[in-house]
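Under the UniProt record's numbering, read the sequence shown as residues 1 to 331, first letter to last.
Just below is one structure, and these are the notes that go with it.
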Amino acid sequence: MTAPAPSAAQPAAESSLPTPQRIDDEPLRLVTSFNDIFVVIAAWLLSFGTLFLTGGLPSWLQMLIATAITWGLSEIFVRRRRMALPALCFAFSFVSTAALLGFGNASLMHQGSETVRASMSLWTLAATSACTLLAAALYWWRFRVPAVIAMGLAGVVIVAWAHALVLDEQAVGWLLVANIVAGLAIFVWALRWDAQDPQRTTIRSDVAFWLHLLAACMVTHPIFWMLAPHHPGAVIAVFLVLTAVSLAIDRRALMLSSLLYVMSAMLRLMVTPSPVGGDLPGQSYDLAPMSLPLVAVVVGGALLLLSVFWKPSRAAVLRLLPAAWRARLPR
Numbered sequence: 001m002t003a004p005a006p007s008a009a010q011p012a013a014e015s016s017l018p019t020p021q022r023i024d025d026e027p028l029r030l031v032t033s034f035n036d037i038f039v040v041i042a043a044w045l046l047s048f049g050t051l052f053l054t055g056g057l058p059s060w061l062q063m064l065i066a067t068a069i070t071w072g073l074s075e076i077f078v079r080r081r082r083m084a085l086p087a088l089c090f091a092f093s094f095v096s097t098a099a100l101l102g103f104g105n106a107s108l109m110h111q112g113s114e115t116v117r118a119s120m121s122l123w124t125l126a127a128t129s130a131c132t133l134l135a136a137a138l139y140w141w142r143f144r145v146p147a148v149i150a151m152g153l154a155g156v157v158i159v160a161w162a163h164a165l166v167l168d169e170q171a172v173g174w175l176l177v178a179n180i181v182a183g184l185a186i187f188v189w190a191l192r193w194d195a196q197d198p199q200r201t202t203i204r205s206d207v208a209f210w211l212h213l214l215a216a217c218m219v220t221h222p223i224f225w226m227l228a229p230h231h232p233g234a235v236i237a238v239f240l241v242l243t244a245v246s247l248a249i250d251r252r253a254l255m256l257s258s259l260l261y262v263m264s265a266m267l268r269l270m271v272t273p274s275p276v277g278g279d280l281p282g283q284s285y286d287l288a289p290m291s292l293p294l295v296a297v298v299v300g301g302a303l304l305l306l307s308v309f310w311k312p313s314r315a316a317v318l319r320l321l322p323a324a325w326r327a328r329l330p331r
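Structure (structure tokens):
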């Protein structure tokens, strides 16, 4: 008995199958279809109109109406239909509206900047932070949107920075250190989420992605603010360390958040002091011609090469780590 000849349509059918997603490409679910964009635009129009139609109401009641509308839309488009982009937008709307309520009757809506600054106190810091975290926790409990956990934490960080700068302008130094410590704690927490899903097939991996993104911003920005612009060599060295860490944990957020800093550091190394002035305040610098395009080509080309050879580069970094560490990292 001879085997049946393969159908002429079979190769075409096989070629039409979707290419499987590589785990080390960090799958990111932002849009499920064009209907996501359609729903977001329609929801924005609804919110815009509602805000103006309820303009005569007390601001706290306006915010309660806004949260109720967001919750109702989330029940339909997030909980039932599991639409990715509306989930992100509605989660942000719900958490930010709750933060305004916590600030004190949403006073940001109708008061000038000076009045808002004068109303800031330790009470508004505690109330706004509590409402932000409570809203994020409630939204996560009901709708399981991966980004909402990072949104809640980011909201608390923003509120803390705003209050610290208003209440104590000398607090920037210790706040930078606190920012780094909190960012490292979130980074470790993100690694725990990653460890629960090494194959990156569940929602835990998505939660870890957003936590890594938040932690990267909280850790890298203060470090580079303290190093730049007077220590460009140290900035580049830190970037190389972050690149190694990114390869080890198979996440690119650390590199992305520090990209502009390393480019500015490379430009700093390419400038030369003008003949007049030396290293004095107000000194001018001469930038070599075509420096910015050259740096862009070098950095962009290096990142593209790293993207192509990500897997072997990561394997080389993992070989340097203890076996116990490798067992906890994504495969």
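Using N, Cα and C, we set each Cβ at its ideal position, and we do this for glycine too.
Item, Value
"DSSP-derived helix/strand/coil call for Thr32", "coil"
"Limits of the unbroken alpha helix (DSSP H) element including Met63", "59-74"
"DSSP-derived helix/strand/coil call for Val177", "helix"
"At least 3 beta-carbon pairs within less than 8 Å: the region 295-311 vs the region 228-237", "no"
"For Val177, the nearest candidate out of Trp60, Ala150, Phe224, Leu153 (CA to CA)", "Phe224"
"Supposed contact pair Val295 and Met266 - C-beta distance, whole angstroms, cut 8 Å", "5 Å"
"Extent of the continuous alpha helix (DSSP H) run through Met255", "253-257"
"Status (buried if at least 16 other CB within 10 Å, exposed otherwise) for Gln170", "exposed"
"Where Gln199 falls: helix, strand or coil (DSSP)", "coil"
"The region 190-209 / the region 134-154 touching (three or more Cβ pairs under 8 Å)", "yes"
"Endpoints, the alpha helix (DSSP H) within which Met151 is located", "147-167"
"Three-way DSSP call (helix, strand, coil) for Phe309 in this model", "coil"
"Beta-carbon spacing of Leu203, Pro293 below 8 Å", "It is worth fixing the name first, because residue 203 is Ile in this sequence and not Leu. Taking 8 Å as the Cβ cut-off, Ile203 and Pro293 do not qualify as a contacting pair."
"C-alpha distance - Leu240 paired with Gly55, whole-angstrom precision", "52 Å"
"Classification of Trp193 by the beta-carbon crowding that lies within 10 angstroms, buried from 16 upward", "buried"
"With 16 other Cβ atoms within 10 Å as the buried cut-off, status of Pro58", "exposed"
"Of the listed residues Ala98, Arg268, Leu247, nearest to Leu138 (C-alpha basis)", "Ala98"
"Cβ neighbours of Arg29 in the same chain (closer than 6 Å, five flanking residues each side left out)", "Ala84"
"DSSP three-state assignment for Thr54, whether helix, strand or coil", "coil"
"Arg252, buried or exposed, once every other Cβ within 10 Å from all chains shown has been counted against 16", "buried"
"8 Å CB neighbourhood of Leu61 in its chain, flanking five on each side removed", "Thr54"
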